[in-house]
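Taking the numbering used here, the leading residue of the sequence shown gets -18, the next gets one more, and so forth.
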Amino acid sequence: MPKNKRNSIEIISIGAEAKIIKNGDLIIKERIKKSYRNEFIDNYLRKFRTRREAKLLYEAKKAGVPVPFIIDLDDDRIVMSYIDGDRLRDIVDRLDKEKRTKIFEEIGRFVARLHLSGIVHGDLTTSNILIKDDKIFFIDFGLGDFTKDIEDIAVDLLLFKKCIRTSHYKYEEEILNAFFKGYCEEYKNCEEVIKRMNEIEKRGRYFKRGENN
Ligand SMILES: Nc1ncnc2c1ncn2[C@@H]1O[C@H](COP(=O)(O)OP(=O)(O)O)[C@@H](O)[C@H]1O
Ligand SMILES: [Mg+2]
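Next comes the structure, spelled out in structure tokens:
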């Protein structure tokens, strides 16, 4: 059967928090029940996080950052449009230098827009960025939050930096230069945030969003 057959139902991934099902042109992201949690608390948390993720997707779109469209929402499920592209993580090595630089500069500008709109993504990795026809889409705001706190913003950037360092070390310098070039084009006070990011890195310890919220 062709891999991307329309109308086929396919489980794309089962993570710690969510199950991703593809149904034709739709993606259903379902928050998994945690049986070790009290049922009432579990229901509350799944509902809260699902709503928050949907709100973040909506606000990101309003800020001009490309994300999937939300089609439907209930207590533990978001139905969204399927982006028929590649995970950036899987194609970084295949891009030529010029394209790679262009993509990461643009990612920098988009992340700046998120931050300026009071959104931190919470899990900025190249697995959560999809590329379709050279266009960039951000997915997975499951650990995101609404905040303008400089510490939160700096941690968001640090997670991205660490992802590049571990997954794309061959191009680390090139990618980070491009990313921060784009970021600083949009985020005028970027130096302050970058300074904070470096301080947090030196401290060697930071609060990872999502662990306690
Ligand atoms: N809207 C979408 N379009 C295409 N693929 C998606 C979409 N949403 C999720 N996926 C795929 O499912 C994977 C897991 O989804 P994600 O939202 O990142 O959940 P998790 O919290 O488990 O990481 C992604 O890496 C991506 O490959
Ligand atoms: Mg993910």
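Virtual Cβ for every residue (Gly too), placed ideally from N, Cα, C. On a predicted model such as this, the values are computed, not experimentally measured, just so you know.
Measure the CB-CB distance between residue i and residue j and report whether it falls below 8 Å.
i, j, result
"ILE(-10)", "ILE2", "yes"
"PHE118", "PRO47", "yes"
"GLU167", "ARG70", "no"
"ALA44", "SER98", "yes"
"ARG242", "LEU7", "With the chain running from -18 to 194 in the structure shown, residue 242 is simply not present."
"GLY185", "ASP137", "no"
"ILE131", "GLU172", "no"
Using only alpha-carbon positions, find the residue among the options that is nearest to residue i.
i, options, result
"PHE127", "ILE117, HIS149, TYR39 and ASN4", "TYR39"
"GLU34", "ARG75, GLU20 and LEU54", "LEU54"
"ALA159", "GLU79, SER(-6) and ILE8", "GLU79"
"LYS183", "ARG146, LEU139 and TYR152", "LEU139"
"VAL101", "LYS151, ILE9 and PHE141", "PHE141"
"ASN109", "HIS96, SER98 and VAL92", "VAL92"
"CYS144", "ASN179, THR106, ALA41 and CYS171", "THR106"
"GLY123", "TYR164, ARG32, ASP23 and GLY5", "ARG32"
"GLU153", "ARG81, VAL174 and ASP130", "ARG81"
"LEU37", "LYS116, TYR25 and PHE50", "PHE50"
"GLY66", "ARG146, SER(-6), LYS113 and ILE(-7)", "LYS113"
Can you tell me whether residue i is buried or exposed, with buried defined as 16 or more other CB within 10 angstroms of its CB?
i, result
"GLY(-4)", "exposed"
"TYR164", "buried"
"ILE125", "Position check: residue 125 holds Gly in this sequence, whereas Ile was assumed. It counts as buried."
"ILE88", "buried"
"ILE156", "buried"
"GLU86", "buried"
"ARG75", "exposed"
"ILE(-8)", "exposed"
Query - Pocket of ligand 2 (residues with CB nearer than 5 Å to any heavy atom), chain order - result: Taken from the N-terminal end onward, the list reads ASN109 and ASP121.
Query raised in the report: So, do the stretch 1 to 19 and the stretch 51 to 66 have three or more beta carbon pairs nearer to each other than 8 Å?
Result: By the Cβ test, the stretch 1 to 19 is in contact with the stretch 51 to 66, since at least three Cβ pairs between them sit closer than 8 Å.
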